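**Student:**
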Amino acid sequence: MTFTEQDKLKALAIVSIFETSKPFGSYAACVVLNDGAGVSYGIAQFTHRSGSLWEVVDRYLNAGGQIGREVLAAAIPLLKRNNVSAIERLASDTRFKKALIAAAVTREMKEAQHFVATTRYLRPAIDICTRMGFSLPLSLAVVYDSVVHGSWERIAGRVGTRTADEKAWITEYVRKRHIWLTAIVRLRSTTYRTRFFLNQIATGNWYLKLPLIVHGVKLSEPSASAGGTTAVGGSTVSKPTDVPSPAPLPPAHAGGSDLLATAASNFDRIDGVVTGVVTRTDRAKSLWTTVIGTLSQALWAIFGFFAGLPREVWIVVALIAAAFMLFFLYRQLVLGRIREQLTTDHRQLTTAI
């Protein structure tokens, strides 16, 4: 079984809502990003620097699009170049941006945007599903979301269920991913993604029958045309139950998810190193507290003896110093144990999934 266009559009719309709270957004959205990517356009934020904007415009022209044709055709040489000079020239070209906005109402431009969004962002997920023998629309949406979010390879390797049992494998995968997202503080706010998929699994909606409520956004029955605010159907927006933190945009190339996963892995390794340093620092503090306290008591005793101080005076002072040392030593040991226990619990939770 191959995925239908509606299956693909549902997956695109669901992940777009996760990312932007809108199913695709607007075909005519045209802004200049301040991160050096230049003009960003359309339903999937096709940018000049990534090369995806050139693919959209080129496909539109090859399909026979007429609105803004002269201006867009003249911009092709610059779109093919992603250096700073070319990006800045088109970013400041008002005629070029107006031509993009005007062309957005045409069938050719909408189809061009759908095609590039599918091949650039959805194709890796489709290839994974094909390789693993998955054919259900919900499976495609789950894999696509993980590819975009950057956790696919990390979690997929931990699933023990045979891929021949598609529903069981996807169910186990989503559960493990949910636990993983929950366990990591910086990712905990994105668990709304896995909660949505777990809800669909619980209700047996493996074919993603519409309407769907995706994080407060309603995807209704497919419309007859590709127009409107979404290629899947009209949408109404209600207040989400929880507000997501801004999530990463879909990678500009098929390997983008690998970069994100690698970055996350590196961050976790650094976090582990820092934790180890903190633990060793606590132990070092405890050791030096004992050493310094012992030396200070010995020096005070020697000073008191040679200075002729009454025995009662230097003994009382030494006892007070010893009490402070023991209190600080106890404090350091308790704090160290708490940190070590938290680290152990975190590692056990991460290993368990």
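Here the sequence shown is numbered in the working numbering, starting from 388 and rising by one per residue.
The C-beta atom is built at its ideal place from N, Cα and C for all residues, glycine as well.
Keep in mind the model is a prediction, meaning the values are calculated, not measured.
Just to confirm my understanding: we take Lys395, look at its own chain, exclude 5 residues before and 5 after, and list those with CB closer than 8 Å. What are they?
**Tutor:** Same-chain partners within the cutoff: Thr505, Leu509, Ile513 and Leu527.
**Student:** From Phe521, Tyr594, Ala424 and Gln453, pick the residue whose C-alpha is nearest to that of Leu440; which is it?
**Tutor:** Here the closest residue by C-alpha is Ala424.
**Student:** What ranges does the alpha helix (DSSP H) occupy inside the segment 552-604, keeping only unbroken runs of at least 4 residues that lie completely in it?
**Tutor:** The qualifying runs are 553-570 and 579-589.
**Student:** Can the beta-carbon of Ser427 be found less than 7 Å from the beta-carbon of Val418?
**Tutor:** Result yes, Cβ atoms of Ser427 and Val418 sit closer than 7 Å.
**Student:** In the DSSP assignment, the beta strand (DSSP E) including Ala428 goes from what residue to what residue?
**Tutor:** For the record, residue 428 in the displayed sequence is Tyr; it is not Ala. Tyr428 -> beta strand (DSSP E) spans Gly425 to Tyr428.
**Student:** Taking its Cβ as the centre, do 16 or more other Cβ atoms sit within 10 Å of Lys563, making it buried, or is it exposed?
**Tutor:** Burial call: buried.
**Student:** Around the C-beta of Glu392, are 16 or more other C-beta atoms found within 10 angstroms, so that it is buried, or is it exposed?
**Tutor:** Per the 10 Å Cβ criterion, exposed.
**Student:** Would you identify the three-state DSSP class for Thr434, choosing helix, strand or coil?
**Tutor:** Note: Thr434 maps to strand in three-state DSSP.
**Student:** For Leu523, which of helix, strand or coil comes out of DSSP?
**Tutor:** Leu523 falls in the coil class under three-state DSSP.
**Student:** What separation, rounded to the nearest whole angstrom, lies between the Cα atoms of Ile566 and Ala478?
**Tutor:** Each residue's Cα considered, the two are about 42 Å apart.
**Student:** Under 7 Å, do Pro524 and Leu595 count as touching if we go by C-beta distance?
**Tutor:** It is a contact, given that the beta carbons lie within the stated cut-off.
**Student:** What residues match up with Cys417 in a beta bridge as DSSP calls it?
**Tutor:** Paired residue(s): Tyr428.
**Student:** Once the 5 residues before and after Ile401 are set aside, which same chain residues still bring their CB inside 6 Å of it?
**Tutor:** Same-chain partners within the cutoff: Ala528 and Val601.
**Student:** What's the call for Gln500, buried or exposed, on a 16-neighbour Cβ count within 10 Å?
**Tutor:** Burial call: buried.
**Student:** Out of Thr558, Lys484, Val604 and Ala709, which has the shortest C-alpha to C-alpha gap to Thr590?
**Tutor:** Per the Cα distances, Thr558.
**Student:** Could you give the C-beta distance for Val546 and Tyr560, rounded to a whole number, given that I count them as a contact under 8 Å?
**Tutor:** Right, the Cβ-Cβ distance comes to about 5 Å (below 8 Å), so this counts as a contact.
**Student:** Going by alpha carbons, who is nearest to Ser437 out of Ala543, Ser538, Ala473 and Arg518?
**Tutor:** Checking every option, the nearest Cα to that of Ser437 belongs to Ala473.
**Student:** Please list the terminal residues of the continuous alpha helix (DSSP H) segment that includes Ile488.
**Tutor:** Segment Thr481 to Ala490, the alpha helix (DSSP H) holding Ile488.
**Student:** Cα separation between Trp593 and Arg494?
**Tutor:** Each residue's Cα considered, the two are about 31 Å apart.
**Student:** Measuring CB to CB, does Met496 end up less than 7 Å from Ala490?
**Tutor:** Yes, these two residues count as a Cβ contact at 7 Å.
**Student:** Our contact map puts Phe483 next to Val458 with C-beta atoms below 8 Å; I'd like the distance itself, whole angstroms only.
**Tutor:** 6 Å between Cβ atoms; contact.
**Student:** Give the single residue among Thr548, Glu553 and Ala543 whose Cα lies nearest to the Cα of Ser522.
**Tutor:** Closest option to Ser522, Cα to Cα, is Glu553.
**Student:** Taking the beta carbon of Lys397 as the centre, do at least 16 other beta carbons fall within 10 Å, making it buried, or is it exposed?
**Tutor:** Buried, because 16 or more other Cβ atoms sit within 10 Å of the Cβ of Lys397.
**Student:** Taking the alpha helix (DSSP H) that Phe502 falls in, what are its first and last residues?
**Tutor:** Arg494 to Ala504 is the span of the alpha helix (DSSP H), which, as asked, contains Phe502.
**Student:** Would you kindly check if the distance between the Cβ of Pro598 and the Cβ of Leu585 is under 7 Å?
**Tutor:** Not closer than 7 Å, so no.
**Student:** I need the DSSP call for Ala450, collapsed to helix, strand or coil.
**Tutor:** Coil, per DSSP.
**Student:** Going by the beta-carbon positions, is the gap between Ile404 and Val530 smaller than 7 Å?
**Tutor:** Contact flag unset, no.
**Student:** By Cβ distance, which residues of its chain are closer than 7 Å to Leu574, with the 5 residues on each side in sequence left out?
**Tutor:** Cβ neighbours of Leu574 beyond the five flanking positions: Leu568.
**Student:** Tell me whether Tyr717 is buried or exposed, calling it buried when 16 or more other Cβ atoms sit within 10 Å of its Cβ.
**Tutor:** Classification of Tyr717: exposed, given that the 10 Å Cβ count is below 16.
**Student:** By the three-class DSSP mapping on this structure, what secondary structure does Lys409 have?
**Tutor:** Reduced to three states, the DSSP call for Lys409 is coil.
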